[in-house]
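> Protein sequence lines, in the order shown, are assigned to chains F and D. Letter 360 of the first sequence, counting from 1, is numbered 668 in the numbering used here, and no numbers are missing. Letter 215 of the second sequence, counting from 1, is numbered 283 in the numbering used here, and no numbers are missing.
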Amino acid sequence: MVGITAYGGYVPRLRLQRAAAAKANAWLAPGLMGKAKGERAMANWDEDAITMAVEAARDALGPGEDRSHINACILATTTAPFADRLNAGIVSAALTLEPNAGASDITGTQRAGLTALSTALGVVKGEPKANVLVCASDKRRARAASTAELDNGDAAAAFVIGGKDTLADWIGGAVTTADFVDHFRGAEEAFDYNWEERWIRDEGYAKIVPPTIERALKSAKVKAEDVATFILPSTFKGVADSIAKKLKIKPEAVRDNLAANVGEAGCAHALVMLAHALETAKAGDVIVVAQFGQGCEANVFRVTDRIGSVRPVRGISGWLADRKEETNYLKFLVFNDLVEWDKGMRAEKDNKTALTTLYRNNDMILGLVGGRCKETGVVQFPRTRISVNPNNPTVDTQEPYKFAEREAEVLTWSADYLTFAMSPPNHYGMIVFDGGGRIFMDITDVEPGDVDSGTPVRMSFRVKEKDDKRGFTRYFWKAVPDRRRMANAGAKQAAE
Amino acid sequence: MPAGIKDKVAVIGMGCSKFGERWDAGPEELMVEAYLEAMADAKIEPTQLDAAWFSTHIDEIGTGKGGTPASLALRLPNIAVTRVENFCASGSEAFRGAVYAVAAGAADIALAIGVEKLKDTGYGGLPVANPGTLAPQTMPNGSAPGNFAQLASAYRAKHGVSKDDLKRAIAHVSVKSHANGSKNPKAHLRNVVTEETVMNAPMIAEPLGLFDCCGVSDGAAAAIVTTPEIAKAMGHSDLVTVKAMQLSVSNGLESQHNSWDGSYFHTARIAAKKAYKEAGVENPRKEISMMEVHDCFSITELVTMEDLFISEEGKGWRDVLDGFYDADGGVPCQIDGGLKCFGHPIGASGLRMLYEMYLQLKGRAGERQLKNPKLGMTHNLGGSPSTNVCSVAIVGLQGV
C-alpha cells in the first residue's frame with residue numbers, strides 16, 4: 309500500500325501571548341480583545357518557511373546520515389522566500405539529499421499542503437519503490453493590529469510517502485476546484501486582502517467542503533461514522549464541528565486545531581495537525597484530512613499496526629513543550645519587519661552574496677558538510693585540500709563529513725551587544741562536535757544567561773542574513789541549546 | 069633556527085603623534101607629525117632614507133591602498149615604499165620590514181611608519197570589516213570585543229575561575245593602564261579610573277564592559293633604523309638595538325582542530341619562545357624589564373601574561389590582582405597606558421609600543437620613567453583568538 313512511512317513537524321520556540329498583542333492594539337482595534345487568549349507560534353527573526361521546513365524534515369527523517377532513499381522533495385508554502393529560485397532545492401541542499409532527487413515547490417493556495425501530499429502519493433502510486441519527502445511550511449505576515457496577526461501561527465510539517473512499511477495507508481481522496489476567493493495576495497503585495505467571514509463560512513466551507521469529503525469517503529469505502537480523526541483547519545470557530553455534524557462524523561473525531569497554542573500555519577496547517585494526530589493514532593484508525601482553498605482537497609488514511617515503529621525525533625508535541633512565552637509585541641513587529649526601527653550604522657554593511665562562492669561551497673554552507681581525513685581520521689570544517697592535522701598535513705585525503713545531525717557543545721562564547729543583531733545581544737562561539745571538528749558560529753534561540761561553556765547544542769538551519777538591497781536571503785547553520793539533552797541530563801542526575 | 073638579527077639593527081629615531089579623536093587631522097597629517105619627530109630624533113635628511121615600510125589596515129576609511137599615501141604625505145625622495153597589512157599587528161610588520169632590510173644590507177637607513185584614521189567612521193568602535201566572499205556566509209556577525217570575549221569563557225572553564233574573580237582581575241588590568249596613561253601627554257584617555265567604575269560600566273560583549281575595551285583613536289608612529297655601525301658613525305650613542313623580531317601566524321589549528329581549548333593564544337606562545345631564543349632570554353619573568361602588550365581588551369592582556377611565559381598558566385589573573393604588572397610591579401606592563409589609553413589606530417599601534425620601549429631605554433619617559441630598564445618587549449596581535457597573527461619584538465640597550 310501507498311502511504312505515510314515517516315512524519316514530523318516543527319513549531320518555533322517563541323510563543324507570542326495573544327493578550328500582549330491585543331492589549332497593545334486595543335486602543336485602535338478594541339475588537340481584538342475578544343481574541344486575547346492563548347498563544348501563537350512566532351518564528352525567530354532567522355526563521356522562515358524554508359528553515360522551518362528543514363527542521364520538520366529532520367524531525368521526520370531522524371538523525372541518520374544516509375538520506376539516499378529520498379527520491380524527491382516537495383515543498384508546499386505560500387510564503388516562499390524566493391519567487392524564482394527553487395525553494396525546495398534549498399531544503400534539499402540543507403538535508404544533503406542526493407543531487408538526482410527531484411525537487412518542486414507547490415504554492416498559490418491554502419490547500420497547497422494537501423496538494424503536495426497528493427502529488428507525492430501520485431508519484432509513489434506510479435513508482436512504488438519511490439520515497440517522496442513532503443514538507444509544508446508557512447510563516448504568514450499580517451498587518452499590525454489585524455485579526456490574522458493573532459490567528460496565524462508559524463509552523464511546519466513533513467512526511468515521507470512510500471510504498472512499503474507504511475504507518476498509515478492512503479485509502480481514498482477527492483478534490484474540488486472552485487475559484488472561491490476568500491482572500492488573495494497579489495503577486496507584488498505583502499499582505500492578504502480578506503472578504504467577509506460570514507460569506508466564507510456559509511458559501512465557502514459549508515458548501516464546498518462536505519461534498520468533497522463525502523466523495524473522499526466514498527472512494528475510500530469508509531462510512532463517516534467510522535472516522536476516528538477528522539482534520540479540517542479553519543480559524544472560524546466551530547466550522548470543523550458543524551461540517552462533521554453535517555457529515556455524521558462523530559463529534560469526538562474532530563481534531564483540535566491547535567488554535568490555542570500554535571495558531572494557523574497557513575497551507576502547512578492540515579499537515580501540522582496530521583503529524584500531531586499520528587503521534588497518538590492507533591492501528592485501524594481512519595483519518596480524514598481536508599484543506600480548504602480555492603475549493604477543497606481531502607485525503608483518507610487508515611493507520612497500520614506499524615504506527616508505533618517509526619516516530620518523529622520530537623514531533624509536534626515535543627516542539628510544543630519546548631516553548632518560551634513572548635510578551636513583547638514590539639519584538640514580534642521587529643521580527644516580522646512590521647516596524648521601521650533604527651538599526652544603526654553597523655547594519656549598513658553590504659550583505660551581497662557572491663553566488664559563485666555560494667555554489668562552489670554549496671555542501672559546506674547549506675549542508676554543513678566538512679571533511680574527514682581518510683588517513684588520520686581527523687575531522688574538520690571546512691573541507692580543504694591540505695588537512696588541518698597537526699604535524700601531518702595530508703594532501704587530498706578528505707572525504708565529505710556531515711556535521712548537521714551531530715551532538716555538540718559550546719567551548720567558548722560571548723553575548724555581543726556591540727555588533728548589529730536582529731535580536732541582541734548576538735550570541736556566538738566556538739562549537740565543538742562529538743566525534744571531532746569545530747565551527748565558530750552563531751548561537752540562536754537564546755536569552756542572556758542561557759549559554760555557558762559546556763552547554764549542549766544542536767544544529768539548526770537558519771537565515772544567516774538578508775540582503776534587503778537585492779532581496780536575497782542567505783542561509784547557514786546555527787547552534788541552538790539542546791534543551792531536550794539538557795533535560796535528560798538533568799533527569800539522569802536527579803535519578804542518581 | 070636561524071641565527072637571528074640580535075644587535076644587527078639599531079633604532080636611531082622614533083616619533084609618535086598625539087593619539088586621540090583627531091578631528092583636526094587626516095592620516096596624512098598624522099603621519100607627518102610622527103615622521104618629523106622621528107627624523108629630528110635621528111638627525112637625518114630625507115635623502116638619507118633608502119626605503120620605507122608603511123602600515124595601515126583599513127583602506128575603506130583610511131589612506132587607500134598602496135605605498136603612495138605615505139610617499140606623498142611625507143614627500144619621500146622616490147624611494148621604495150611598501151605598504152604592509154597584517155591585521156592589528158600591521159605596525160610591527162612595518163618595523164619588521166625596515167629592520168630586515170637593514171639587517172640584510174639592502175638598506176642603510178630605513179623608515180617604518182604606521183597610521184590609522186579611525187574616527188572618520190561615523191560611529192564608535194572599529195569599522196565593520198570586509199572579510200571577503202566566503203567568510204560572511206558562515207562566520208558569526210560579531211565584533212572585536214565579542215571575538216576576544218570568547219577567551220574569558222574558556223579561561224574560566226579551564227582554570228575554574230569564577231565569573232566575579234575574572235571580572236575583578238580584568239578590571240585591574242584597565243585600572244592599572246589608566247593610572248599609567250594619566251601620566252602620558254600623548255595618550256588619548258588620561259583619566260584615572262577605579263575598579264568599581266570599570267566593573268559597573270555598560271556591557272559591550274559579555275564579560276567585557278566599556279572599560280575592558282581599548283579606546284578608538286587616530287594616530288601615527290614612526291621608527292628610523294640603521295646598523296649600529298652607521299649609527300655610531302653618525303654620532304648616536306647609548307644605542308637601542310633590536311634583540312628579536314618574531315611573528316607567528318595561525319594555520320587553522322585553533323579554529324578547526326579540537327586540540328585548542330580557546331583559553332590562550334597558540335601563536336603568541338610560539339612567537340614568544342622564538343623571540344626569547346633569538347634574544348637569548350632564558351627567564352623572561354626576571355630578564356624582561358618592561359613590556360607593551362596588545363591589550364585590545366583587558367582579557368587579552370591577562371591571558372597574554374601567560375602566553376609570554378611571564379605568569380604561570382592559570383595564575384596570570386592572580387599576578388594581575390597582586391600588582392605584578394603595575395608600574396611598580398615585577399614587570400611593568402603598558403607603562404605608557406597601552407592600547408587602553410592610546411586607543412588602537414591599527415596600523416600605528418605596533419610602532420607606538422616600540423616608541424615607549426625606546427623612550428624608556430633612552431631614559432626619556434619623564435614622569436613614567438622606570439629605573440634602569442634594559443630589555444623591553446612588545447607584543448602586537450591581530451585577528452581573533454582563533455585566527456590571528458602575533459608579533460613579539462624585544463629591544464634593549466646595546467651590549468645587554
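Just so it is clear, CB atoms sit at the ideal spot from N, CA and C, and this is done for glycine as well.
With DSSP collapsed to three states, give me the class of R348 (chain F).
On the first sequence, residue 348 (chain F) is found 40 positions in, with the first residue counted as 1. Looking at R348 (chain F) - three-state DSSP - the assignment turns out to be strand.
> Looking at chain D, is there any beta carbon in it that lies within less than 7 Å of the beta carbon of T404 (chain F)?
By one-based count along the first sequence, residue 404 (chain F) stands at place 96. With 7 Å as the cut-off, T404 (chain F) does not count as an interface residue toward chain D.
> Where does the unbroken beta strand (DSSP E) through Y122 (chain D) begin, and where does it stop?
Mapped onto the second sequence, residue 122 (chain D) falls at position 54. A small correction: the amino acid at residue 122 (chain D) is Phe; Tyr does not occupy that position in the sequence shown. F122 (chain D) -> beta strand (DSSP E) spans 119-123.
> Which of the residues in the stretch 711-735 of chain F, read from start to end, lie with their CB under 9 Å from any CB of chain D?
Answer in chain order: V718, L719, T720, W721, S722, A723, D724, Y725, L726, T727, F728, A729, P733, N734, H735.
> Between which two residues does the alpha helix (DSSP H) containing K235 (chain D) stretch?
Counting from one through the second sequence, the residue named residue 235 (chain D) turns up at place 167. Start and end: 231-249.
> Since D459 (chain F) and G571 (chain F) are thought to touch, with beta carbons under 8 Å apart, how far apart are those beta carbons, to the nearest angstrom?
Stepping through the first sequence from its first residue, residue 459 (chain F) is reached at position 151. Stepping through the first sequence from its first residue, residue 571 (chain F) is reached at position 263. So it is a contact: roughly 6 Å between Cβ atoms.
> Tell me whether Q602 (chain F) sits in a helix, a strand or coil according to DSSP, three-state version.
As a position in the first sequence, residue 602 (chain F) is number 294, starting the count at 1. Three-state result, Q602 (chain F): coil.
> Does the beta carbon of V460 (chain D) come closer than 7 Å to any beta carbon on chain F?
As a working note, residue 460 (chain D) is residue 392 in the second sequence. Cβ-Cβ to chain F under 7 Å: no for V460 (chain D).
> Between the C-alpha atoms of H227 (chain D) and T752 (chain F), what's the straight-line distance to the nearest angstrom?
Reading the second sequence from its first residue, position 159 is the one you call residue 227 (chain D). Reading the first sequence from its first residue, position 444 is the one you call residue 752 (chain F). Distance between the alpha carbons of H227 (chain D) and T752 (chain F): 27 Å.
> Please compile the residues from chain F whose C-beta is within a distance smaller than 9 Å of the C-beta of A217 (chain D).
Taking the second sequence and counting its residues from 1, the one referred to as residue 217 (chain D) is at position 149. Within 9 Å Cβ-Cβ: T720, W721, S722, A723, D724.
> In chain order, what residues of the same chain lie with their CB nearer than 7 Å to the CB of A424 (chain F), ignoring the 5 residues before and after it?
Residue 424 (chain F) sits at position 116 when you count from the first residue of the first sequence. Hits under 7 Å: I382, A384, I414, V442, A444.
> What would DSSP say about S454 (chain F), mapped onto helix, strand or coil?
Along the first sequence, one-based indexing puts residue 454 (chain F) at 146. In the structure shown, S454 (chain F) sits in coil (DSSP, three-state: anything other than H, G, I, E or B).
> So what does H304 (chain D) bridge to, in DSSP terms?
Within the second sequence, the letter at position 236 stands for residue 304 (chain D). According to DSSP, H304 (chain D) bridges with nothing at all.
> Could you compute how far the alpha carbon of T665 (chain F) sits from the alpha carbon of E713 (chain F)?
On the first sequence, residue 665 (chain F) is found 357 positions in, with the first residue counted as 1. On the first sequence, residue 713 (chain F) is found 405 positions in, with the first residue counted as 1. Going by the C-alpha atoms only, they are around 24 Å apart.
> Look up G83 (chain D) in the DSSP assignment and say whether it is helix, strand or coil.
Working through the second sequence from its first residue, we reach residue 83 (chain D) at position 15. Of the three classes helix, strand and coil, the one that applies to G83 (chain D) here is strand, per DSSP.
> For V677 (chain F) and chain A, any beta-carbon pair shorter than 7 Å?
Looking at the structure shown, chain A is missing, and the protein chains on hand are F and D.
> How would you call Q418 (chain F), buried or exposed, if buried means at least 16 neighbouring beta carbons within 10 angstroms?
Here residue 418 (chain F) corresponds to residue number 110 of the first sequence, with the count starting at 1. Answer is buried; the Cβ neighbour count reaches 16.
> Can you tell me which of the three DSSP states D446 (chain F) falls into?
The sequence position of residue 446 (chain F) within the first sequence is 138, counting from 1. Three-state DSSP puts D446 (chain F) in a strand.
> Among the candidates D:E97, D:D176, D:T265, whose CA atom is the shortest distance from the CA of P114 (chain D)?
Residue 114 (chain D) sits at position 46 when you count from the first residue of the second sequence. Of the listed residues, the one whose Cα sits closest to P114 (chain D) is D:D176.
> According to the Cβ coordinates, are M358 (chain D) and P400 (chain D) closer than 7 Å?
Start at 1 with the first residue of the second sequence, and residue 358 (chain D) comes out as number 290. Start at 1 with the first residue of the second sequence, and residue 400 (chain D) comes out as number 332. Yes.
> Measuring CA to CA, which of D:L219, D:A120, D:G406 is closest to A178 (chain D)?
Working through the second sequence from its first residue, we reach residue 178 (chain D) at position 110. The shortest Cα separation from A178 (chain D) among D:L219, D:A120, D:G406 belongs to D:A120.
> A528 (chain F) to A361 (chain F), Cα distance in whole Å?
Translated into the one-based positions of the first sequence, residue 528 (chain F) becomes position 220. Translated into the one-based positions of the first sequence, residue 361 (chain F) becomes position 53. C-alpha separation (whole angstroms): 30 Å.
> Comparing the C-beta of P352 (chain D) with each C-beta of chain F, is any distance below 7 Å?
Along the second sequence, read from residue 1 onward, the residue named residue 352 (chain D) stands at position 284. No, P352 (chain D) lies away from the interface with chain F (no Cβ there is under 7 Å from its Cβ).
> For the pair the stretch 183-193 of chain D and the stretch 307-327 of chain D, tell me if three or more CB-CB distances fall below 8 Å.
No, the stretch 183-193 of chain D is not in contact with the stretch 307-327 of chain D.
> Please name the residue in F:E656, F:L676, F:N699, F:T727 whose C-alpha comes closest to that of K777 (chain F).
As a working note, residue 777 (chain F) is residue 469 in the first sequence. Ranking the options by Cα distance to K777 (chain F), first place goes to F:E656.
> Where do the N-terminal and C-terminal ends of the alpha helix (DSSP H) with D750 (chain F) fall, by residue?
Mapped onto the first sequence, residue 750 (chain F) falls at position 442. Element bounds for D750 (chain F): not the alpha helix (DSSP H) but the beta strand (DSSP E), 746-751.
> Out of F:E435, F:G339, F:A334, F:N352, which has the shortest C-alpha to C-alpha gap to F769 (chain F)?
The residue labelled residue 769 (chain F) in the question sits at position 461 within the first sequence. For the residues F:E435, F:G339, F:A334, F:N352, the minimum Cα distance to F769 (chain F) belongs to F:N352.
> Restricting to runs no shorter than 3 residues, where is the beta strand (DSSP E) found entirely within the stretch 521-561 of chain F?
Fully enclosed beta strand (DSSP E) runs of 3 or longer: 537-539.
> Go ahead and pull the three-state DSSP assignment for Y725 (chain F).
Residue 725 (chain F) sits at position 417 when you count from the first residue of the first sequence. Three-state DSSP puts Y725 (chain F) in coil, outside helix and strand.
> Taking the CB atoms as reference points, tell me whether A301 (chain D) and A416 (chain D) lie closer together than 7 Å.
For this step, residue 301 (chain D) is matched to residue 233 along the second sequence. For this step, residue 416 (chain D) is matched to residue 348 along the second sequence. No. Outside cutoff.
> According to DSSP, is F392 (chain D) helix, strand or coil?
Locating residue 392 (chain D) in the second sequence gives position 324, where the first residue counts as 1. In this structure, F392 (chain D) counts as coil in the three-state DSSP scheme.
> Suppose contacts are defined by Cβ-Cβ distances below 7 Å. Is A583 (chain F) in contact with A420 (chain F) by that definition?
Here residue 583 (chain F) refers to the residue found at position 275 when the first sequence is read from its first residue. Here residue 420 (chain F) refers to the residue found at position 112 when the first sequence is read from its first residue. It is not a contact, given that the beta carbons lie outside the stated cut-off.
> Taking 7 Å as the threshold (C-beta atoms), are V611 (chain F) and K433 (chain F) in contact?
Numbered from 1 along the first sequence, position 125 holds the residue referred to as residue 433 (chain F). Numbered from 1 along the first sequence, position 303 holds the residue referred to as residue 611 (chain F). Cβ atoms of K433 (chain F) and V611 (chain F): not closer than 7 Å.
> Across which residues does DSSP place N734 (chain F) in a beta bridge pair?
Numbered from 1 along the first sequence, position 426 holds the residue referred to as residue 734 (chain F). DSSP, once it has assigned bridges, lists F:D724 as partnering N734 (chain F).
> State the beta-bridge partners of P764 (chain F) as determined by DSSP.
Walking along the first sequence from the start, residue 764 (chain F) turns up at place 456. Paired residue(s): F:E717.
> For R782 (chain F), which of helix, strand or coil comes out of DSSP?
Within the first sequence, residue 782 (chain F) is the residue found at index 474, counting from 1. If DSSP states are grouped into helix, strand and coil, R782 (chain F) belongs with the strands.
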